[in-house]
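Contents: one structure, followed by commentary.
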Amino acid sequence: MGAFFIRLPYYLYLFILLFIFVTGISFFLTATDSYIFNFLNYSNAIFFTFFQATTATFFSSILGFIFGLILYLSGKNQRLISAFLNFCFILPVIFVSFGVIFFYSSNGVLSKFLNLFSLNYDFKIFSFAGIIYVTSYFNIAFNANFFFRKLVNLPDNYIKVLKSNNITFWTAVRLQIRGYLFQGYRSIIILTLIFCASNFTILYLLSGSPNLVTIELSIYQSIIFNADLHSGITLGIIQLILMLFLSSLIMFNQNYDQSFNFNKSSIIKFPKNTLISIGFYVIVFYFLIPFLILIKGLFNFNAQSILSIGFLNSIFNSLMISTFSVLLSIILSLSALFTYRSFLEKNSNLQKFIFLSITILLFIPSLTLSSIIFYLNFNLNFIFSNFFIVSIINGFFITPIVFVFLSSKFIENYFHESKQCLILKISPLIRLIKIDIPKIKNELVLIISAVFVLSLGDLTSITIFNDSSFRTIPLFISQLYNNYKYDDAFFILSLFIISLFFIMYLPSRFLNRNA
836 MGAFFIRLPY
846 YLYLFILLFI
856 FVTGISFFLT
866 ATDSYIFNFL
876 NYSNAIFFTF
886 FQATTATFFS
896 SILGFIFGLI
906 LYLSGKNQRL
916 ISAFLNFCFI
926 LPVIFVSFGV
936 IFFYSSNGVL
946 SKFLNLFSLN
956 YDFKIFSFAG
966 IIYVTSYFNI
976 AFNANFFFRK
986 LVNLPDNYIK
996 VLKSNNITFW
1006 TAVRLQIRGY
1016 LFQGYRSIII
1026 LTLIFCASNF
1036 TILYLLSGSP
1046 NLVTIELSIY
1056 QSIIFNADLH
1066 SGITLGIIQL
1076 ILMLFLSSLI
1086 MFNQNYDQSF
1096 NFNKSSIIKF
1106 PKNTLISIGF
1116 YVIVFYFLIP
1126 FLILIKGLFN
1136 FNAQSILSIG
1146 FLNSIFNSLM
1156 ISTFSVLLSI
1166 ILSLSALFTY
1176 RSFLEKNSNL
1186 QKFIFLSITI
1196 LLFIPSLTLS
1206 SIIFYLNFNL
1216 NFIFSNFFIV
1226 SIINGFFITP
1236 IVFVFLSSKF
1246 IENYFHESKQ
1256 CLILKISPLI
1266 RLIKIDIPKI
1276 KNELVLIISA
1286 VFVLSLGDLT
1296 SITIFNDSSF
1306 RTIPLFISQL
1316 YNNYKYDDAF
1326 FILSLFIISL
1336 FFIMYLPSRF
1346 LNRNA
């Protein structure tokens, strides 16, 4: 009975996911004869979605590889570099977007600096180039971290062979270790493409032309501006099919790469190189560009703005949504991991289904799921509150991150533990509480802080499910900016990012102190 109750959250998750899927399918079966979806009206959005995604993926992979090499050869603190790249990857999109606007806009930092030397500046940030820049920012960090950790975990026998044969590092990268570096990279490149195609918030903030419209932005415009729920959900299902097709190329491979873990304690020292040193500081500056907005934001201190009802309401909603979402994701992940391990112990093929049923959410765009849920709630006369829906959506989308992050440690030594539990007659619930959770407590603390930050910074589902009394901090900041209250927007954004930094930093600091 204890095992059933542990598995129950996962079973409920499957039921909800199946119900949402059936709702999407039933839309086509029950659509009125008068409704005709004009594909040609949205062909530009479909084309642009994948054109900009492919372009951003190209830059992210090339620059990610180069950045990873330079960061490794710099000889700087490896854990600090990796943590910095992780932090850049999970930064709220609204922060990076406004930070890039602050630096690159026609009245931005770079423009003012060039004007000192009477140099013309003609870069338009609200353009295709701006969209690619911001989209690539996150994915360059993601790709660079992959290659950086691959190099950090370079097997010792590779190093010995290189040294004994007097082979330079660059020659080795080109010839000997290229295969090792790109092992498992197919999953990363497809994930990058999916991330780049699901960049609604960036388009929401930076699209300055009717031609710069993706499927997700069309969904938003159909539901919010045109009140065309049918087109919105049709576009959502089209994107869902396209994303699932891409994800099918990798999601049947359960041997996910472990290069995002540090497996070595030894550090290789390279001779100092001026070009590498310059490259290192250029990379650091590139990633720090959005953070320059903190200087302006903190100088615009306004006590009135942080004491306003709108701000206090938004911060309360954000904290409540993130807390509920994280709790939901932890319960679902532990339930799914317990179920996954039980089938693993029985050597059942159902373990593959469990793995896919959780990780599939990595590949479904948030706005696609939001459009289907909006349609469902519309047919139920809006029985579910916006708070509940946003919390569920956020919780579902951070669950696969928690699941994958905890899985290796949770399943570790499972066969031996299972035999011992049978001998000592330890119940499944006691095993989970007394053995499993203590075993993963450090990883649990780290991933909770990371997904809490991700949930706090989300500006996707809230754009669909909001009203005058229900806003989150990212939406509140966005509305301040849209109302030309730039100083207040930058000030609150600065406080928000500093808070996120401490949420990420303090748990890792605490764990390192007690290590």
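Going by our numbering, the residue at position 235 of the sequence shown is 1070; the numbering climbs one at a time, nothing skipped.
For glycine and all other residues, C-beta sits at the position ideal for the given N, C-alpha and C.
Treat the numbers as computed from the prediction; the structure is a model and nothing was measured.
{"Asked": "At least 3 beta-carbon pairs within less than 8 angstroms: the region 885-905 vs the region 1029-1039", "Found": "yes"}
{"Asked": "At least 3 beta-carbon pairs within less than 8 angstroms: the region 937-947 vs the region 1118-1131", "Found": "yes"}
{"Asked": "C-alpha gap between L1169 and L1279, whole angstroms", "Found": "10 angstroms"}
{"Asked": "Rounded separation between T1307 and F1222 - CA only", "Found": "10 angstroms"}
{"Asked": "DSSP three-state assignment for F1035, whether helix, strand or coil", "Found": "helix"}
{"Asked": "Three-state class that DSSP yields for F1305 in the structure shown", "Found": "strand"}
{"Asked": "L1127 (DSSP reduced to helix, strand or coil)", "Found": "helix"}
{"Asked": "Alpha helix (DSSP H) segment containing F1223, residue limits", "Found": "N1221 to I1246"}
{"Asked": "Spatial neighbours of F850 in its chain, beta-carbon cut-off 7 angstroms, leaving aside the 5 residues before and after", "Found": "none"}
{"Asked": "Member of F854, D1293, F862 and P1309 whose CA lies at the smallest distance from the CA of L1070", "Found": "F862"}
{"Asked": "Pairwise C-alpha distance: F961 and F1231", "Found": "32 angstroms"}
{"Asked": "Close beta carbons around S1157, own chain, < 7 angstroms, minus the five adjacent residues each side", "Found": "F1287, S1290 and L1291"}
{"Asked": "Segment limits, alpha helix (DSSP H) that includes Q887", "Found": "F874 to L908"}
{"Asked": "Pair within 7 angstroms by beta-carbon distance, M1339 and F1198", "Found": "no"}
{"Asked": "Q1093 classed as buried or exposed, judged by whether at least 16 other C-beta atoms fall within 10 angstroms", "Found": "Any reading at Q1093 must be qualified, since the residue scores a pLDDT of 47, below 50, and its modelled position is unreliable; the value itself is stated next. Under this definition Q1093 is an exposed residue."}
{"Asked": "Any 3 or more C-beta pairs closer than 8 angstroms across the region 1270-1284 and the region 1142-1152", "Found": "no"}
{"Asked": "Check whether T1352 and I1050 have beta carbons under 7 angstroms apart", "Found": "As displayed, the chain neither begins before 836 nor continues past 1350, which places residue 1352 out of reach and without an answer."}
{"Asked": "Outcome for K911 when other beta-carbon atoms lying within 10 angstroms are tallied against a minimum of 16", "Found": "exposed"}
{"Asked": "Selection from T970, E1247 and I855 that minimises the alpha carbon distance to F894", "Found": "T970"}
{"Asked": "Own chain, CB closer than 6 angstroms to I1246, minus 5 neighbours either side, in chain order", "Found": "R1176"}
{"Asked": "Test item: CB-CB of L1084 and I1025 under 7 angstroms", "Found": "yes"}
{"Asked": "P1263, enclosing alpha helix (DSSP H) - first and last residue", "Found": "P1263 to R1266"}
{"Asked": "Where the alpha helix (DSSP H) containing V1161 begins and where it ends", "Found": "I1144 to E1180"}
{"Asked": "Contact under 7 angstroms by Cβ, I1189 with I1208", "Found": "no"}
{"Asked": "CA-to-CA distance, S1253 to I1181, given in whole angstroms", "Found": "Here the sequence assigns Lys to residue 1181, which means Ile is not the residue at that position. Approximately 11 angstroms, taken between the alpha carbons."}
{"Asked": "Buried or exposed by the 16-neighbour rule on C-beta atoms within 10 Å, applied to R984", "Found": "buried"}
{"Asked": "As assigned by DSSP and simplified to three states, the class of V1048", "Found": "coil"}
{"Asked": "Collapsed DSSP secondary structure at K1107 in the structure displayed", "Found": "coil"}
{"Asked": "C-alpha distance - S1100 paired with S1042, whole-angstrom precision", "Found": "Note that S1100 scores a pLDDT of 45, beneath 50, so its modelled location is shaky and nothing firm can be said."}
{"Asked": "Alpha helix (DSSP H) runs wholly inside the region 1178-1206, at least 4 long, in chain order", "Found": "1185-1194"}
{"Asked": "Beta-carbon spacing of T1036, V928 below 7 angstroms", "Found": "yes"}
{"Asked": "Spatial distance of F1331 from F1311 (CA atoms)", "Found": "11 angstroms"}
{"Asked": "Beta-carbon proximity of D1322 to N1061, cut-off 7 angstroms", "Found": "no"}
{"Asked": "Under the three-state DSSP convention, the category G1071 falls into", "Found": "helix"}
{"Asked": "Cβ-based burial, Q1018 [other Cβ within 10 Å; buried from 16]", "Found": "exposed"}
{"Asked": "Burial state of Q1089 (16 or more Cβ within 10 Å)", "Found": "Low per-residue confidence applies at Q1089: pLDDT is 48, beneath 50, and the placement is therefore not dependable enough to give any value."}
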